[in-house]
Amino acid sequence: MKKLEFLLADESATVTMGNHIAQALLHHNKPLSQQAFVAYLNGDLGAGKTTLTRGVVRGLGHQGNVKSPTYTLVEPYELSPYRVYHFDLYRLADPEELEFMGIRDYFNGQCVCFIEWPEKGNGLLASADVIINMAYQDEQRVITLHACTELGESVLAKLASENGS
């Protein structure tokens with residue numbers, strides 16, 4: 009399973025897709041004890057990257073607000089069994105800023121990282137397990153998920169089986 013594509017009718021459907029991704033992370037065949045799960049999120053402003061991540065974070069058990077880390081660069085969520093980090097690198101002026109914040113420490117086992125605007129951290133980020141592209145299609149969104157690693161393939165296979173793809 010290298011690629012999946014879904015049509016998302018609205019914001020609610022985007023959050024629901026995030027919930028499905030969370031369930032796939034929780035129930036896929038490979039534990040995240042030795043490595044992080046890393047997803048790169050691509051898409052124009054307003055395409056739904058933060059909304060999708062909100063669905064993932066809530067699907068993994070977070071009860072509170074899920075806000076965009078546009079100004080803080082990263083929002084951490086201590087959940088069980090994973091620590092979830094939502095990065096938004098849109099306002100990153102220099103990739104070296106990531107070194108100063110200890111970026112490599114975020115990519116350890118038991119971590120799930122969703123990174124918006126990953127090209128801004130080129131060369132300093134862990135490789136993606138899944139690349140998620142979100143695009144407008146009329147009033148809806150199209151989400152395409154590409155697996156880049158065995159871990160990514162495992163998660164997409166679980167997502168496909170749960171969604172009848």
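The sequence shown begins at 9 in my numbering and counts up one residue at a time.
Even for Gly, the Cβ is constructed at its ideal location relative to N, Cα and C.
CA nearest to the CA of residue i, picked from the options
i              : options                        : result
isoleucine 140 : Thr80, Phe115, Ile123          : Ile123
arginine 91    : Ala17, Cys119, Ala101          : Cys119
valine 74      : Val163, Arg66, Tyr48           : Arg66
tryptophan 125 : Thr59, Asp52, Phe14            : Asp52
glutamate 19   : Ser169, Leu164, Ile151         : Ile151
glycine 54     : Leu164, Ala168, Glu147         : Glu147
glycine 56     : Arg99, His94, Val23, Gly131    : Val23
proline 103    : Asn130, Pro77, Cys121, Glu161  : Asn130
leucine 68     : Asn27, Ala21, Glu107           : Asn27
tyrosine 48    : Arg149, Cys121, Gly110, Glu161 : Cys121
tyrosine 93    : Tyr85, Asn50, Arg149           : Tyr85
isoleucine 111 : Phe95, Ala101, Arg99           : Phe95
asparagine 50  : Arg149, Ala101, Glu161         : Arg149
alanine 17     : Leu164, Glu161, Gln145         : Gln145
One or two residues paired with residue i in a DSSP bridge
i              : result
glutamate 19   : According to DSSP, which records beta bridges pairwise, glutamate 19 is partnered with nothing at all.
glutamate 13   : Thr152
valine 163     : Its beta-bridge partners do not exist; DSSP assigns none.
arginine 112   : Answer is none; arginine 112 lacks a bridge partner.
methionine 142 : Ile151
arginine 91    : Glu86, Cys119
aspartate 96   : Glu124
Three-state secondary structure (DSSP) of residue i
i             : result
glutamate 124 : strand
histidine 154 : strand
leucine 60    : helix
histidine 28  : helix
arginine 66   : helix
isoleucine 49 : Just to set this straight, residue 49 is leucine in the shown sequence, not isoleucine. It is a strand residue.
glycine 129   : helix
serine 169    : helix
leucine 81    : coil
8 Å contact criterion, which residue i and residue j should meet: CB distance rounded
i             : j            : result
leucine 81    : leucine 60   : Actually they are not in contact, since the Cβ atoms of leucine 81 and leucine 60 sit about 18 Å apart, beyond 8 Å.
glutamate 170 : glutamine 31 : 6 Å
histidine 35  : lysine 128   : Not a contact, Cβ separation roughly 32 Å.
alanine 143   : leucine 12   : Not quite, the Cβ-Cβ distance comes to about 14 Å (not below 8 Å), so this is no contact.
glutamate 83  : proline 77   : 4 Å
Any chain B beta carbon closer than 9 Å to residue i
i           : result
glycine 131 : Among the chains of the structure shown, chain B does not appear; only one protein chain is present.
Stretch pair the stretch 107-117 + the stretch 43-54: three plus CB contacts closer than 8 Å: yes
Contact the stretch 130-138 vs the stretch 146-157: 3+ CB pairs below 8 Å: yes
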